[in-house]
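Just remember that my numbering sits 1 ahead of the position in the sequence shown, which is counted from 1.
Where a beta carbon is used, it is the ideal one built from N, C-alpha and C, also for glycine.
The structure displayed is predicted, hence computed values, not measured ones.
Here's the structure we're looking at; comments come further down.
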Amino acid sequence: MQTYAREITDTSLLADDMLAVLPASLAGLARNTWLKLANKADDWYHDARNQLKHPVADKWLKDISQSFANSTLPFDISASDGDIIEYGRALALKFNRFYSEHVQFWTKLNQSDFAVLFTVANQYIDVLHAFIKKKYHHHGVEELAALLAQMPSDLPNKYFKNRLHTPDSIVARLLSGAFWVRKMRCMAARELETIIRNHLGFVHRNNQLYVSNEQVRRRIEQKARNQAMLAMKTIVNELGEEFQLDEVVAGSIANPAVRRAELMVRLAGFEHMAQELGHVCEFITLTCPSRFHVHSAARGRKNGKFDGSTPTEAQAYLNEVWGRIGSHLGREHIKIYGFRVTEPHHDGCPHWHGLFFMPKEHRARFRQIMALHGCREDRRELKLFYQETRKEAKAKARVQWEFHCQQAKANGDKKPTLQSFVDRQKVEADVWKNADYKLFHQVRARVLFKELDLDAGSAVGYIAKYISKNIDGKNNAGDSIGGDYESADYMSAVDAAVRVDAWASAWGIRQFQQFGGAPVSVWRELRRLRISGYEEGDIIERAAAAADKGDWGKFTMLMGGISLSNKDRPIKLYKEDMDGTNAYGEPRAKETQGVYAVATGELLYSRHHVWTMVGQKQAPISAEVLGFEGGVSPAWTRVNNSTNHRNNQKHFTDQLAAAIVTENKENRRHFNKDQISELVEWVMKNSQVIDYENINNAAAVLMYADAMVEMGETALLNKYESFEHFKNAAKQEVRIFKESLKPVDIHIAEFDMARTQVEIDRLKNEIADIEAQAYADAVDPIARMMRRAGRNIDLSRQGIAAINAKQEETTPTVAELQAEYTQAQAEKRRRTKSHTLADQLQETRNLIARMQSRQMQ
């Protein structure tokens with residue numbers, strides 16, 4: 002083969018087209034990888050036109066760009082958080098209109114509104130995973146929708162994950178912007194991370210550790226938004242005591258330092274208990290099979306056995322394995338207690354570290370049971386060759402026996418016995434029951450055991466680095482614990498902890514879990530009581546004193562020890578029913594108010610005050626800082642002063658405030674927090690057009706917000722003297738909205754036929770234009786490049802002209818701002834729907850085929 006001495010420093014036209022599909026944050030990395038592949042001696046050739054081709058590099062880039070083009074998300078996968086919020090609100094509005102327009106039509110068909118809406122929602126999210134128990138997923142969406150629609154609304158539904166869910170509350174979620182924003186955020190983060198990790202292969206020790214840089218950036222921005230929101234809020238009780246919300250949160254377990262300290266206290270308590278009881282300590286590491294790992298651990302090279310699994314699926318595998326281990330230990334009455342920590346490998350695949358205490362006589366059997374279940378799947382890669390059950394062993398033995406019988410008959414030899422082949426088969430239970438050191442050493446890549454001597458040193462100190470690494474990377478003094486051995490450049494543990502936090506947030510992974518012992522919720526409530534010095538007395542007072550001193554071991558013993566079931570514990574949480582419903586019409590969950598002793602009935606309240614959340618008036622925050630969600634609302638409390646009317650009113654004010662903030666931001670208005678809060682309070686006090694009990698439509702909320710933005714500035718300046726003007730404008734907007742919902746009196750079949758024919762004619766003309774353009778591009782790539790350069794020049798000229806015009810323009814009017822906003826929204830929708838030329842061509846052809854088929858029917 003010829004050699005190509007000159008180094009390639011620029012991408013080809015084909016590569017440029019594929020790079021244009023990728024987000025800007027990834028296009029640079031993909032371009033560098035393409036150049037690295039293209040400069041290899043065996044990755045180029047000249048075609049018939051003497052044009053240089055790079056098959057390996059182009060195929061790699063094509064696969065990457067195709068993964069972005071085939072994204073299942075209904076919006077751009079690289080959208081910002083603001084775009085995701087905007088899309089979530091738009092999707093809720095779409096479902097509101099969809100529901101309003103079709104409810105009468107569905108009733109005529111004698112079909113449940115919920116069943117249809119539930120099926121339509123599956124186009125955007127996985128409704129089975131979101132709402133339905135896993136054991137009912139085999140029914141399918143449509144069948145489940147019909148079953149759910151037939152269930153009585155006043156009975157708990159066996160199909161739902163949450164027993165409080167009803168078809169009505171599910172519909173309320175589908176009509177809620179907040180619900181869609183949460184779902185879209187999660188879907189966007191996980192799909193983008195899947196592409197970067199699984200397809201691009203950028204997440205490993207030599208590039209981006211644990212998680213992509215894009216996800217780290219989003220997580221940092223999310224925490225900054227949350228912190229800004231907390232800084233805006235204060236809480237006040239009935240005595241007038243006032244606290245900053247961010248200061249209160251800093252003293253809770255939401256603070257990484259507090260969470261780390263609590264975990265260490267609980268671990269130390271377990272260790273003290275083990276020393277007093279004469280128990281032993283085991284440190285274990287449980288790892289996923291090779292198919293879950295994108296890259297190898299040694300050098301970060303691509304793993305040929307990787308099957309495309311995500312860290313969420315890997316965590317589900319570990320949970321399933323541990324579930325089998327726990328059941329097996331329970332059947333053999335082996336009680337363990339301790340903690341497990343989930344942390345990522347360098348490529349984002351999770352693995353578990355565990356620190357467990359147990360009686361010495363159970364250690365050997367614990368290891369056998371754990372290795373048995375941890376090595377069951379893909380055991381051949383560990384060079385383990387045995388059958389899982391005796392039934393499978395006999396079946397394999399029979400196959401071998403029949404084969405040898407045929408050979409013996411052909412050779413005239415004596416037929417062997419079936420039992421001789423059965424005896425040769427190894428069974429999983431027997432292999433691990435007789436396991437020795439060599440076998441455990443053989444499977445150390447999957448299950449690793451380490452015995453810790455409690456007399457030689459602290460077991461808590463051994464696992465402390467794993468806990469710190471997964472929280473903030475600091476010790477009790479606030480200093481870094483050192484470097485992270487998973488990274489190629491020995492990254493600081495503090496920096497690595499930021500990436501671990503982003504990793505856990507993106508994939509929804511629970512990092513810490515306690516096994517055995519007393520529930521920590523009772524411990525936390527008792528610490529709120531601040532009871533100390535009770536060495537004698539009732540059990541609830543002694544447990545409270547132990548919790549106040551931070552003596553987890555004594556608290557656990559007072560609560561019945563390590564092996565007692567939680568339902569039999571002597572102290573339990575006291576919860577009260579709360580009046581009213583939540584935003585989705587479901588009964589509010591019970592709220593903890595204190596603790597009580599089961600034997601005596603003694604009750605101690607841990608929550609004595611009624612707290613109200615209010616805005617911080619000392620430091621007004623502009624709408625730009627508030628962003629799209631949250632907003633500002635009048636004071637609200639969680640206690641028993643809620644009625645259905647108040648809940649509906651509060652829900653509406655929250656929506657209204659958020660809508661005002663959004664519209665202000667889009668129209669470049671700058672109302673501050675106090676002004677928006679004052680405007681909302683004025684509307685709630687004076688407006689007669691809002692029906693708090695019956696309004697359940699995001700479209701009407703947005704229309705009220707539009708009218709308020711249009712009139713808000715004048716109203717604020719004139720101290721609301723133009724209220725009648727505002728009320729008339731709002732009524733007119735609602736009237737127009739209701740008129741738009743009226744059905745058109747036209748025969749549906751005739752209308753559909755006419756619309757289909759018009760659409761087919763339009764699409765035929767469009768496909769002819771696309772084919773002509775595609776042919777021209779294929780014939781003359783130089784002309785294509787010149788057209789692209791010409792478009793860039795035109796865009797640059799337009800940008801310069803826009804900048805000059807913007808500098809000369811005066812203060813815009815309301816109409817001009819609305820026109821600008823409408824144009825920007827249309828342009829954003831156009832960009833979102835844009836595809837590559839080939840995708841447009843194929844999509845148009847498919848649409849024409851479907852329409853022609855429908856017309857023939």
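message: Does E283 pass the burial test, meaning 16 or more other C-beta atoms within 10 Å, or should it be called exposed?
response: buried
field: Candidates E143, R98, L193, I126: closest to P24 by CA position
entry: L193
- request: Could you check what DSSP says for Y302 in three-state terms: helix, strand or coil?
  value: Sequence check: residue 302 is Arg here, not Tyr. Reduced to three states, the DSSP call for R302 is coil.
query: Among the residues of its own chain, which have a CB less than 6 Å from the CB of L129, if the five just before and after it don't count?
result: H138
- prompt: Taking the alpha helix (DSSP H) that E542 falls in, what are its first and last residues?
  reply: 540 to 550
- request: Report yes if the CB atom of P257 is closer than 8 Å to the CB atom of D473, and no otherwise.
  value: yes
field: Exposure of G309, with buried meaning 16 or more beta-carbon neighbours within 10 Å
entry: exposed
- request: Indicate the three-state DSSP secondary structure (helix, strand or coil) for K234 in the structure shown.
  value: strand
task: Below 8 Å CB to CB, which residues in the same chain sit around V423 once its five sequence neighbours on both sides are set aside?
output: A394, K395, A398
field: Proximal residues to P345 (C-beta, below 6 Å), its chain only, five neighbours per side dropped
entry: Y211, P351, W504
message: In this structure, how does DSSP classify T313 when only helix, strand and coil are distinguished?
response: helix
- request: Would you mind reading off the limits of the alpha helix (DSSP H) that contains F161?
  value: It is not in any alpha helix (DSSP H) - F161 carries neither H nor E in the DSSP assignment.
Nonlocal neighbours in the same chain, by C-beta distance under 7 Å from G349, ignoring five residues either side: R198, V204, Y211, V212, P312, W504
message: If I measure Cβ to Cβ from L530 and keep anything under 7 Å in the same chain, skipping five residues before and after, which residues do I get?
response: A545, L605, S607
- request: Can you have a look at I532 and say buried or exposed, based on whether 16 or more other CB atoms are within 10 angstroms of its CB?
  value: buried
- prompt: In chain order, what residues of the same chain have a beta carbon less than 8 Å from the beta carbon of E751, not counting five sequence neighbours either side?
  reply: Legend: pLDDT at E751 = 44, less than 50; position of this residue unreliable, no value from coordinates given.
task: Return the residue from the list L145, G324, N208, F450 that minimises the CA-CA distance to M492.
output: N208
- prompt: Going by alpha carbons, who is nearest to L201 out of L30, S459, D456?
  reply: L30
message: So A275 and F358 are supposed to be a Cβ contact under 8 Å. How far apart are they, rounded?
response: 4 Å
- prompt: Out of R364, K470, I133, Y338, which has the shortest C-alpha to C-alpha gap to K434?
  reply: R364
task: Have a look at A498 and Q426 and give me their C-alpha separation to the nearest angstrom.
output: 48 Å
- prompt: Is Y585 closer than 8 Å to R174 when the C-beta atoms are compared?
  reply: yes
Beta-carbon gap between N471 and V501 smaller than 8 Å: yes
message: Going residue by residue through the region 455 to 528, where are the continuous beta strand (DSSP E) segments of at least 3 residues, counting only ones entirely within it?
response: 513 to 516
message: Please state the DSSP three-state secondary structure of W353.
response: strand
query: Cα separation between P417 and K451?
result: 46 Å
- request: Classify Q598 as helix, strand or coil using the three-state DSSP reduction.
  value: For clarity, residue 598 is Ala in the given sequence; the question names Gln instead. Correct three-state label for A598: strand.
Delimiting residues of the alpha helix (DSSP H) encompassing L453: Looking at the DSSP string, L453 is not in any alpha helix (DSSP H); the run it does join, the beta strand (DSSP E), is 448 to 453.
- request: Could you give the DSSP three-state label for E592: helix, strand or coil?
  value: strand
field: Status (buried if at least 16 other CB within 10 Å, exposed otherwise) for Y467
entry: buried
- request: Under 6 Å Cβ to Cβ from Q515, same chain only, skipping five residues before and after it: list those, please.
  value: F340
message: I need the straight-line Cα distance from R32 to Q216, nearest angstrom please.
response: 20 Å
message: Less than 8 Å between the C-beta atoms of S68 and I196, yes or no?
response: yes
query: Which partner residues of G339 appear in the DSSP bridge assignment?
result: F357, F516
field: L15, DSSP secondary structure in three states
entry: helix
- prompt: Of all the options A519, V428, A179, G551, which has the alpha carbon lying nearest to the alpha carbon of N567?
  reply: A519
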